[in-house]
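Below is one structure, written out as structure tokens; comments come after it.
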Amino acid sequence: MMRPGISIALLALILATNNASPAPSIDWLYPAGAKRGTTVEVTAGGKFDQWPAKWVCSNPAVAIKALPTKGLLAVTVAPEALPGPCLIRAIDETGAGNAKPFIIGMLPELKSREPDDELASALLVPVPAVVHGRLEKSGDVDCFAVELKKGQTLVASLMANHLLASPMDAVLQVVSPQGSVLTQNNDASNLDPAIAFLALENGTHIVRLFAFPSMPDSSIRFAGGDAYVYRLTLTTGPFARHAWPLSVKADKKEGLSALGWSLGDFASSAKKLASNPSGQVLAGSDNWANFVPLMLADSEPVLWRQGLDKPLDLPVSLSVKALGKEAAILKVKFAKDTEYQLAVWSSGLELNMFPSVRLIDPAGKLLQTLEPKELHTDLSTTFKAATQGEYRIEIREAHSISSDRHACLVHLSKLTPDFTLKLGGESVVAEAGKAATVQVTVGRMGGLTGPPVFRLEGLPAQIPWSTEPDKDPAKPFKINIGPVKDAKAFTGPVKVFAKVGNLPEKQAWTGSSYPGLQVMETWLHLPPPKPVDKPSDTPKKVPPK
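With the numbering used here as the guide, the letters of the sequence shown map in order to residues 337 to 881.
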């Protein structure tokens, strides 16, 4: 029975508030990218209780329209869009969902089709091209036919687990039409494979693809599922293996170089496409089939070479190729009681070197040996020089491996005051009529002290906010935002900035450190207060005794 004094509309609002659906969530996008200057139909897998949702992209040259069928999108990429990864997310009245990568490419793109499990049913792909596909079920195998001429180098490069977060550990093969495996690769960039195959004869060659779960289980068969989405680049044209040198000065925008296959006159034709606050940059060329990461440097990049005996001035940004059992030696002069910062990147630059670094003092004493704590991670440390003089830093591959993908970047500088700002999450949903809490971790280095001074962008002036530091300086600051006072909810991106001491202001961020995939704001949802029940004017009936 309905309580007196509550209208049907008000009751519906209360029920909707008490049974609010969660914010939309994206599990996968298929296809997971599009070529510049095209419009593609994309299927979004996930949970979307309210449809159509509003869709936004971190690249302003990408427009997204929700189609009538739930989960279907029309994605339009403008011709002037910068290639590379960007982020897509859905927003509805319950808030903003998670962001998912979407790759803007430069080559013609097509979707795989079934059946393509057997060599005879392989889809013929005119190279260069990008194939968007999915291993749809357990045991699935995808095959693609490519016509090659003798002497051509085919590059087959898969993007799946590394940037798209597909739960797959894939294997690529090049197979003859008779079924002989000519070459195979399991892991070129983290768990994603790539192959450079030199054709020894004219004819059709088959690129075969299958996968295992990225998190191993008890099964012993090929894996598949809705989320096993991939992006396969096939080309006999220019393809960059990695930038060279592996760093670039901040003021250099064009003329970036790479090593790779069939680059020819285009080896130094790249320009900066994207960057992030960690100092990583994405470089690509209109003539390449792909893009590569590299780091910003405070000094002119140096390529290590034999006979590099003169001590280098700091800061130094040194690109090193693995020499098997041999070590690349860097000589520098340190001042007594001065702190220094050493970083070595390889995995973060999509390379495979596991660096081992030895620090040796002027007397020839080994001070320490440094290595990454885990596979697919990089090395960063600080130390204080106990004596003044010329130090040696030896960089070698820990497992004595050398290949065209075993290289690293060594950055060495004096440790100066600095700070970092890390957002606790990419979206926050508050309870009705209550404040939301955005957490920001402030990392200090180089002796920096003092409280951060925060500033927010994107928040309406009438919504209050305050900061709440934790007693433990290592724990995050809490920024309490809201609540909203009126009956209208607030949903939108809020950017968090802070200053510490006299250093320039920085913006907080989270997510992947890969350029273009960082999240630079928190999507905030502040629902209005719940309706208050009004007392009824009708007197209560007293039951007869």
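Cβ atoms here follow ideal geometry from the backbone N, Cα and C, with glycine treated the same way.
Taking the alpha carbon of residue 359 as the point to measure from, which residue in 392, 416, 434 has its own alpha carbon closest? Within the sequence shown, the letter at position 23 stands for residue 359. Comparing Cα-Cα distances from residue 359 to each of 392, 416, 434, the minimum goes to 434.
Do the CB positions of residue 440 and residue 456 come within less than 8 Å of each other? Counting from 1 along the sequence shown, the entry for residue 440 is found at position 104. Counting from 1 along the sequence shown, the entry for residue 456 is found at position 120. Annotated as distal: residue 440 and residue 456, with beta-carbon spacing of 8 Å or more.
How many Å lie between residue 409 and residue 419 at the Cα? For the purposes of this step, residue 409 is taken as the residue at position 73 of the sequence shown. For the purposes of this step, residue 419 is taken as the residue at position 83 of the sequence shown. Residue 409 and residue 419: Cα-Cα distance of roughly 20 Å.
Can you say whether residue 428 is buried or exposed, counting buried as having 16 or more other CB atoms within 10 angstroms of its CB? Here residue 428 corresponds to residue number 92 of the sequence shown, with the count starting at 1. Under a 10 Å Cβ-count criterion, residue 428 is classified as buried, with 16 or more other Cβ atoms of the shown protein chains found around its own Cβ.
Distance CB(residue 860)-CB(residue 817) smaller than 8 Å: If you number the sequence shown from 1, residue 860 lands on position 524. If you number the sequence shown from 1, residue 817 lands on position 481. Cβ atoms of residue 860 and residue 817: closer than 8 Å.
On the CB-based measure, 16 or more other CB atoms within 10 Å of its CB, does residue 646 come out buried or exposed? Along the sequence shown, one-based indexing puts residue 646 at 310. It counts as exposed.
My parser needs the beta strand (DSSP E) runs of 3 or more residues fully inside the region 384 to 461; what are they? Considered as a whole, the region 384 to 461 harbours 390 to 393, 398 to 402, 408 to 413, 420 to 428, 436 to 441, 445 to 447 as its complete beta strand (DSSP E) runs of no fewer than 3 residues, in chain order.
Buried or exposed: which applies to residue 735, given that a residue is buried once 16 or more other Cβ atoms fall within 10 Å of its Cβ? The count along the sequence shown starts at 1 and reaches residue 735 at position 399. Classification of residue 735: exposed, given that the 10 Å Cβ count is below 16.
Considering only residues of the same chain and omitting the five flanking positions on each side of residue 342, which have a CB-CB separation below 6 Å? Reading the sequence shown from its first residue, position 6 is the one you call residue 342. Since pLDDT at residue 342 reaches only 34, below the 50 mark, its modelled position is unreliable, and no value is offered.
Here's the rule: buried if 16 or more other CB atoms are within 10 angstroms of the residue's CB, otherwise exposed. What is residue 766? Along the sequence shown, one-based indexing puts residue 766 at 430. The residue in question, residue 766, is buried, as its Cβ has 16 or more Cβ neighbours within 10 Å.
Counting beta carbon pairs with one atom in the region 650 to 669 and one in the region 586 to 600, are three or more of them shorter than 8 Å? No contact exists between the region 586 to 600 and the region 650 to 669.
Could you give the C-beta distance for residue 452 and residue 459, rounded to a whole number, given that I count them as a contact under 8 Å? In the sequence shown, residue 452 corresponds to position 116, counting from 1. In the sequence shown, residue 459 corresponds to position 123, counting from 1. Confirmed, about 5 Å.
Please report how far the alpha carbon of residue 536 lies from the alpha carbon of residue 487, in whole angstroms. Here residue 536 is taken as the residue at index 200 of the sequence shown, counted from 1. Here residue 487 is taken as the residue at index 151 of the sequence shown, counted from 1. Rounded to whole angstroms, residue 536 to residue 487 spans 6 Å at the Cα level.
Below 6 Å CB to CB, which residues in the same chain sit around residue 558 once its five sequence neighbours on both sides are set aside? Numbered from its first residue, the sequence shown carries residue 558 at position 222. Around residue 558: 475, 546.
Pick out whichever of 505, 627, 470, 510 has its Cα sitting closest to the Cα of residue 484. For this step, residue 484 is matched to residue 148 along the sequence shown. With distances taken between CA atoms, residue 484 lies nearest to 510 out of 505, 627, 470, 510.
Closest by CA to residue 388, which one among 394, 395, 779, 400? As a working note, residue 388 is residue 52 in the sequence shown. Checked all of 394, 395, 779, 400; the closest Cα to residue 388 is 400.
Let me know the beta strand (DSSP E) ranges lying completely inside the region 572 to 630, each 3 residues or longer, listed in chain order. The qualifying runs are 575 to 579, 583 to 585, 590 to 592, 594 to 597, 606 to 611, 616 to 620.
Can the beta-carbon of residue 759 be found less than 8 Å from the beta-carbon of residue 782? To locate residue 759, count along the sequence shown from 1; it is residue 423. To locate residue 782, count along the sequence shown from 1; it is residue 446. Between residue 759 and residue 782, the CB-CB gap reaches or exceeds 8 Å.
Spatial distance of residue 495 from residue 777 (CA atoms): What you label residue 495 is simply residue 159 of the sequence shown in a count that begins at 1. What you label residue 777 is simply residue 441 of the sequence shown in a count that begins at 1. For residue 495 and residue 777, the gap between their C-alpha atoms comes out near 31 Å.
Nearest-angstrom Cα separation, counted from residue 437 out to residue 525: Position 189 of the sequence shown, counted from the first residue, corresponds to residue 525. Position 101 of the sequence shown, counted from the first residue, corresponds to residue 437. The straight-line gap separating the alpha-carbon atoms of residue 525 and residue 437 is approximately 17 Å.
Residues in the same chain with beta-carbon distance under 8 Å from residue 658, minus the five sequence neighbours each way, listed in chain order, please. Reading the sequence shown from its first residue, position 322 is the one you call residue 658. Excluding residues within five positions, the ones whose Cβ falls inside 8 Å are 689, 732, 733, 737, 738, 739, 742, 743, 744.
When you compare each of 771, 867, 754 to residue 837 by their alpha carbons, which one comes out closest? What you label residue 837 is simply residue 501 of the sequence shown in a count that begins at 1. Scanning 771, 867, 754 for the CA closest to the CA of residue 837 turns up 754.
Bridge-paired residues (DSSP) for residue 882: The structure shown does not extend to residue 882, since the chain is modelled only from 337 through 881, so no value can be given for it.
Buried or exposed (CB count within 10 angstroms, at least 16 for buried), residue 612: Counted from its first residue, the sequence shown places residue 612 at position 276. The residue in question, residue 612, is buried, as its Cβ has 16 or more Cβ neighbours within 10 Å.
Can you list the beta strand (DSSP E) stretches of 3 or more residues lying completely in the region 689 to 764, in chain order? Considered as a whole, the region 689 to 764 harbours 691 to 696, 702 to 706, 715 to 720, 725 to 733, 743 to 750, 754 to 759 as its complete beta strand (DSSP E) runs of no fewer than 3 residues, in chain order.
Within a Cβ cutoff of 8 Å, which residues of the same chain sit near residue 600, ignoring the five residues on either side of it in sequence? Within the sequence shown, numbered from 1, the residue matching residue 600 stands at position 264. Counting only Cβ-Cβ distances below 8 Å, and skipping sequence neighbours, we find 574.
Using beta-carbon positions only, say whether residue 500 and residue 424 come within less than 8 Å of one another. Mapped onto the sequence shown, residue 500 falls at position 164. Mapped onto the sequence shown, residue 424 falls at position 88. Between residue 500 and residue 424, the C-beta gap is not smaller than 8 Å, which leaves the two residues out of contact.
At what residues does the beta strand (DSSP E) containing residue 799 begin and finish? Counting from 1 along the sequence shown, the entry for residue 799 is found at position 463. That residue, residue 799, is in no beta strand (DSSP E); it is neither H nor E in DSSP.
Whether residue 683 touches residue 714 by CB criterion (8 Å): For the purposes of this step, residue 683 is taken as the residue at position 347 of the sequence shown. For the purposes of this step, residue 714 is taken as the residue at position 378 of the sequence shown. Here residue 683 is near residue 714, since their CB atoms are less than 8 Å apart.
Beta bridge counterpart(s) of residue 379 as assigned by DSSP: Position 43 of the sequence shown, counted from the start, is the residue given in the question as residue 379. Partner(s): 366, 408.
Mind checking which residues open and close the beta strand (DSSP E) that includes residue 493? To locate residue 493, count along the sequence shown from 1; it is residue 157. Following the DSSP letters along the chain, one finds residue 493 inside the beta strand (DSSP E) bounded by residues 489 to 495.
Suppose you measure from the CA of residue 620 to the CA of residue 579; what does that come to, to the nearest Å? Here residue 620 refers to the residue found at position 284 when the sequence shown is read from its first residue. Here residue 579 refers to the residue found at position 243 when the sequence shown is read from its first residue. In a straight line, the C-alpha of residue 620 is about 10 Å away from that of residue 579.
Could you compute how far the alpha carbon of residue 477 sits from the alpha carbon of residue 454? Here residue 477 refers to the residue found at position 141 when the sequence shown is read from its first residue. Here residue 454 refers to the residue found at position 118 when the sequence shown is read from its first residue. About 8 Å.
Going along the chain, which residues of its own chain have a beta-carbon closer than 7 Å to the beta-carbon of residue 856, five neighbours each way excluded? Looking up residue 856 in the sequence shown gives position 520. Within the same chain, and ignoring the five residues on either side of residue 856 in sequence, the residues whose Cβ sits closer than 7 Å to its Cβ are 831, 843, 845.
Taking the runs of the beta strand (DSSP E) that are 3 residues or longer, which of them lie wholly in the region 653 to 691? You should have 664 to 670, 675 to 681.
Rounded to the nearest angstrom, how far is the Cβ of residue 624 from that of residue 610, given a contact under 8 Å? The sequence position of residue 624 within the sequence shown is 288, counting from 1. The sequence position of residue 610 within the sequence shown is 274, counting from 1. With 8 Å as the limit, residue 624 and residue 610 do not qualify as a contact, their Cβ atoms being about 15 Å apart.
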